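Engineer: Protein chains in written order, with this note's numbering: chain A, 1 to 414; chain B, 1 to 338. All C-beta atoms, glycine included, are put in the ideal place defined by N, C-alpha and C. Fair warning: this is a prediction, and the values are worked out from it, not measured in the lab. Below is a structure I'd like to ask you about.
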């Protein structure tokens, strides 16, 4: 039901809200699929009150991005909740956005409207299909949905002349994806790792994904997988020595077989969304496929827990900023995306969000801001770990349906 | 208005029905129709859906592939209904006949859990049933259970969760029915040799309670028949001591409408429930509601999801019809028999 890391950043929303939100959002997608045509309902026309208005911050550090584009009066950005810095005294203010406004005079209409990829896609699809402006200039969506939009030709191509920080500071691990090899359609916003979350006091030190498939009495019946198909199948593929960056149906079959075997052997207790973190804390699970962002939080409550990226590898998922086809303020959107590729700005966002930052130099900038976070390997993973991470490759719609159907068997609903 | 209604008396019932009918039309009939249409779709969210009667295969696929989950839903909902009955009946009986001036307080306590959200109540069971939680923790400390014994992520947890969540739906109708029983009829029955000393009630009570306990024992403690046998014995003994002839002949028959209503109010939502199976179960305990949820929200397979929903509705209708035939609703909705 939930997407990768639906609770992005802190404070995390409760599971109750999560479930309610997910259900409603999914229902909305169903309704929008039933309806004929219609327009993007959530598009912000000119909601005066929504955007941060004050422009008091000092000019930002790098002034290299002197605009080739003329900034427009406003720019509209759809993002997930808790996914950008907020002012400690005023939850409605986002200091980094205020800095953007101060620099370009553009009011950023920043809306936290994305609950999950699929249902948000449902809201912008009719306009894109009809070749109209969706009302959004920047949307931030997870890899697989991002690749789908690119495949459908519904994303504007960046004018990289407007984006010097982006071209200079994007980390290498993000480059060269099959669905956008030259990075002309998407700019990573935040990432998370999927790896091994465990309680070493019970399991001992773990370094290999093979633990998830070994009926060891220490974690038999206390192991949890993720309900997110790409994470669980991805880790199973890595364990089997397959390449998740280029997934095939045969791979899906092999991965599902391995997962089903592990279930049969009684290793697996359950498949969970974010709530595996609760189970790790309560001791109902001692080994779980886990997301780095959740573990940052879980470690605060139970410091004995550990997160590791398996020697076979781990999954990397990313939410990406993109400009939907026909966006009214394309040039300004490019400036906005680029603005957050300045290391100081990126660090400021990261200090609040606690996921993985795609910007080179943000860790250095973070040292000045909060040295604790700068040292945290879950937020700024060292290069040798980054090199082991894989992004789940794009799937055609038919293949995606096939993968989901096979995975439903693992979930017990197929 | 008043004169209008007086002149056209036929309007009144329709006017009274209008809000309810309108509500049902907008929020039940229309969505149900929409879903029925969707169950004959083929296609995908990305490419769009097309309608064709040839897509009745959605139904055959739904039934073929998901028979285990349908069956599981029926078994779990059935077991939970029996359990709620076993718990709710004595509870309602006690409140009605022995509650005295605490009646309202006791009734309030029955409903009190409803002041918290359904989800929160279910999730809190995770804490109670946790592997080292307040229930199993101490037992394991004493060494009475093996370390790897667990209740969470088993059918026991799912059925217990459903039972707990739907208990008031059984208690309240049964209470209303029991409360209406004219106690003078019971006294008359006792005068006519249907008192506690007649063994008939005890035997019937022992057989029924023991039988139900045995069924539950088999469902819950499948690998340990000795536990099921123990449950049957205890159930039988309880039935023997508690059930009197007058109860079997007067009170229980008169309260049957409440039992009937209560079991429908429990069984129907329980069979479609997915929250308990999601939070308290694991892949081996998923119910049909979980399948529908996954089909709708994860796979975006709206046609098969709709077909599954309609099949479920049809299955419930059939089951309810059979149940009503057996219990004889006609008599239940009138005064009942003595």
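For the beta strand (DSSP E) containing residue 293 of chain B, list its first residue and its last residue.
Structural biologist: Where residue 293 of chain B is concerned, there is no enclosing beta strand (DSSP E), although the alpha helix (DSSP H) it sits in stretches over 288 to 293.
Engineer: Checking 8 Å against the spacing of the C-beta atoms, do residue 283 of chain A and residue 132 of chain B come in under that value?
Structural biologist: Residue 132 of chain B is positioned such that its CB atom lies closer than 8 Å to that of residue 283 of chain A.
Engineer: Give the residues of chain B in contact with residue 418 of chain A, contact being defined as C-beta atoms less than 9 Å apart.
Structural biologist: Any answer about residue 418 of chain A is impossible in this case: the structure gives chain A only from 1 up to 414.
Engineer: Looking at the structure shown, is residue 30 of chain A part of a helix, part of a strand, or coil, going by DSSP?
Structural biologist: With a pLDDT of only 45 at residue 30 of chain A, under 50, the local geometry of the prediction cannot be trusted, and the value read off the model is given with reservation. The answer is helix: DSSP assigns residue 30 of chain A an H, G or I state.
Engineer: What do you reckon, are the CB atoms on residue 196 of chain A and residue 307 of chain A nearer than 8 Å?
Structural biologist: yes
Engineer: Quick one: is residue 12 of chain B buried, meaning 16 or more other Cβ sit within 10 Å of its Cβ, or exposed?
Structural biologist: exposed
Engineer: State the beta-bridge partners of residue 289 of chain A as determined by DSSP.
Structural biologist: A:196
Engineer: Would you call the stretch 100 to 120 of chain A in contact with the stretch 353 to 368 of chain A, where contact means no fewer than 3 C-beta pairs closer than 8 Å?
Structural biologist: no
Engineer: Got a sec, what are the start and stop residues for the beta strand (DSSP E) residue 112 of chain A sits in?
Structural biologist: Start and end: 107 to 114.
Engineer: Note down, in chain order, all residues in the stretch 159 to 175 of chain B with a beta-carbon under 9 Å from any beta-carbon belonging to chain A.
Structural biologist: none
Engineer: In chain A, which residues lie with their C-beta within 7 Å of the C-beta of residue 321 of chain B?
Structural biologist: The premise fails here: residue 321 of chain B is roughly 28 Å from chain A at the closest Cβ pair, so nothing lies under 7 Å.
Engineer: Put residue 322 of chain A into one of helix, strand or coil per three-state DSSP.
Structural biologist: strand
Engineer: Grouping DSSP H, G and I as helix and E and B as strand, with all else coil, what is residue 15 of chain B?
Structural biologist: Residue 15 of chain B falls in the helix class under three-state DSSP.
Engineer: Name the DSSP bridge partner or partners of residue 119 of chain B?
Structural biologist: Looking at the DSSP assignment, residue 119 of chain B forms no beta bridge with any residue, so it has no partner.
Engineer: Roughly how many angstroms lie between the CA atoms of residue 218 of chain A and residue 203 of chain A, to the nearest whole one?
Structural biologist: 6 Å
Engineer: How far does the beta strand (DSSP E) with residue 419 of chain A in it extend, from its first residue to its last?
Structural biologist: Chain A is shown from 1 up to 414; residue 419 of chain A falls before or after that span and cannot be answered.
Engineer: What does residue 404 of chain A touch in chain B if you count any residue whose Cβ is under 7 Å from its own?
Structural biologist: 298 and 299
Engineer: Considering only DSSP beta bridges, list what residue 190 of chain A is partnered with.
Structural biologist: A:319
Engineer: Suppose the cutoff is 6 Å on Cβ atoms and the five residues either side in sequence are ignored; what does the same chain contact list for residue 40 of chain A look like?
Structural biologist: With a pLDDT of only 38 at residue 40 of chain A, under 50, the local geometry of the prediction cannot be trusted, and the value read off the model is given with reservation. Taken in chain order, the residues that qualify are 123, 124, 127, 134 and 135.
Engineer: Determine the contact status of residue 308 of chain B and residue 62 of chain B, defining contact as a CB-CB distance below 8 Å.
Structural biologist: yes
Engineer: Is it the case that the Cβ atoms of residue 159 of chain B and residue 76 of chain B are separated by a distance below 8 Å?
Structural biologist: yes
Engineer: Which partner residues does residue 272 of chain A have in the DSSP bridge list?
Structural biologist: A:226
Engineer: Could you tell me whether the Cβ of residue 397 of chain A comes closer than 8 Å to any Cβ of chain B?
Structural biologist: yes
Engineer: Which bits of chain A does residue 130 of chain B rub up against, with CB to CB less than 8 Å?
Structural biologist: Simply 282, 283 and 284.
Engineer: Could you check how far apart the C-beta atoms of residue 348 of chain A and residue 81 of chain A are, in whole angstroms? I think they sit under 8 Å.
Structural biologist: That belief does not hold up - the Cβ atoms of residue 348 of chain A and residue 81 of chain A are roughly 18 Å apart, past 8 Å.
Engineer: Taking the straight line between their C-alpha atoms, what separation do you get for residue 38 of chain A and residue 46 of chain B?
Structural biologist: Only weak support exists for where residue 38 of chain A lies, its pLDDT of 36 falling under 50; the coordinates are left without a value.
Engineer: Any beta-carbon of chain D closer than 8 Å to the one on residue 141 of chain B?
Structural biologist: Here chain D cannot be found, since the structure's protein chains are A and B.
Engineer: Using 8 Å as the threshold, is the C-beta distance between residue 272 of chain A and residue 305 of chain A below it?
Structural biologist: Against a cut-off of 8 Å, the Cβ pair of residue 305 of chain A and residue 272 of chain A comes out as no contact.
Engineer: Would you grab the beta carbon distance between residue 114 of chain B and residue 168 of chain B for me? Rounded to a whole angstrom, and I think it's under 8 Å.
Structural biologist: 7 Å
Engineer: Would you be able to state if there are at least three C-beta pairs under 8 Å between the stretch 291 to 303 of chain A and the stretch 141 to 151 of chain B?
Structural biologist: The stretch 141 to 151 of chain B is not in contact with the stretch 291 to 303 of chain A.
Engineer: Using CA coordinates, which residue listed in B:260, B:35, B:190 and B:282 is at the minimum distance from residue 247 of chain B?
Structural biologist: B:190
Engineer: Kindly indicate if chain A contains any beta-carbon less than 8 Å away from that of residue 46 of chain B.
Structural biologist: Yes, because at least one Cβ of chain A sits closer than 8 Å to the Cβ of residue 46 of chain B.
Engineer: Assuming residue 235 of chain A and residue 212 of chain A are in contact, meaning their beta carbons sit under 8 Å apart, how far apart are those beta carbons, in whole angstroms?
Structural biologist: 7 Å
Engineer: For residue 291 of chain B, return the contacting residues in chain A, with the cut-off set at a CB-CB distance below 7 Å.
Structural biologist: 413
Engineer: Is there a Cβ of chain A sitting closer than 8 Å to that of residue 64 of chain B, yes or no?
Structural biologist: no
Engineer: Give the secondary structure of residue 45 of chain B by DSSP, where H, G and I count as helix, E and B as strand, and everything else as coil.
Structural biologist: coil
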